[in-house]
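In UniProt numbering, the protein residues as written are 1 to 111.
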């Protein structure tokens with residue numbers, strides 16, 4: 001990497017004569033990164049395939065109503081799994097819950 005720097009155009013085809021040293025440094029950094037990658041790509045004969053995207057994890061949106069000493073309040077929560085949702089409902093203070101969105105996109109009203 002010794003003496004490897006961009007002697008030509010920096011940003012949007014402007015020459016570096018009127019740029020500040022800081023901007024020159026940033027331009028050289030970017031240039032070195034891209035130049036190094038291009039050289040490696042030319043040396044490698046094989047083609048890299050992009051990784052397949054993972055399936056987006058679906059959230060279960062729920063409105064849970066709880067009651068503590070005559071005071072009643074509701075909160076909206078989301079869960080990634082059925083098990084965590086069932087565990088949150090098992091609490092003694094839960095009086096009512098309403099599933100806003102689940103895996104089948106159906107609304108359910110329980111308890």
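In this text, a Cβ means the ideal position worked out from N, Cα and C, and glycines have one as well.
In this text, all values refer to a predicted model and were calculated from it rather than measured experimentally.
**Message:** Taking a contact to mean a Cβ-Cβ separation below 7 Å, would you say residue 64 touches residue 85 in this structure?
**Reply:** no
**Message:** Could you compute how far the alpha carbon of residue 95 sits from the alpha carbon of residue 55?
**Reply:** 34 Å
**Proximal residues to residue 76 (C-beta, below 6 Å), its chain only, five neighbours per side dropped** = 63
**Request:** Report the rounded CA-to-CA distance for residue 1 versus residue 31, giving the unit in angstroms.
**Result:** In this prediction, residue 1 scores a pLDDT of 44, lower than 50, which makes its location untrustworthy; the coordinate-derived value is nonetheless stated afterwards. Those two C-alpha atoms are separated by around 12 Å.
**Asked** Who pairs with residue 65 in a beta bridge, going by DSSP?
**Response** 74 and 96
**Message:** Could you pull the DSSP bridge partners for residue 85 from this structure?
**Reply:** As computed with DSSP, residue 85 is found in no beta bridge at all.
**Request:** Given a cut-off of 7 Å, decide if residue 68 and residue 88 are closer than it, judged by their beta-carbon atoms.
**Result:** no
**Asked** Within 10 angstroms of its Cβ, does residue 97 collect 16 or more other Cβ (buried), or is it exposed?
**Response** Residue 97 counts as buried, since at least 16 other C-beta atoms from the protein chains shown sit within 10 angstroms of its C-beta.
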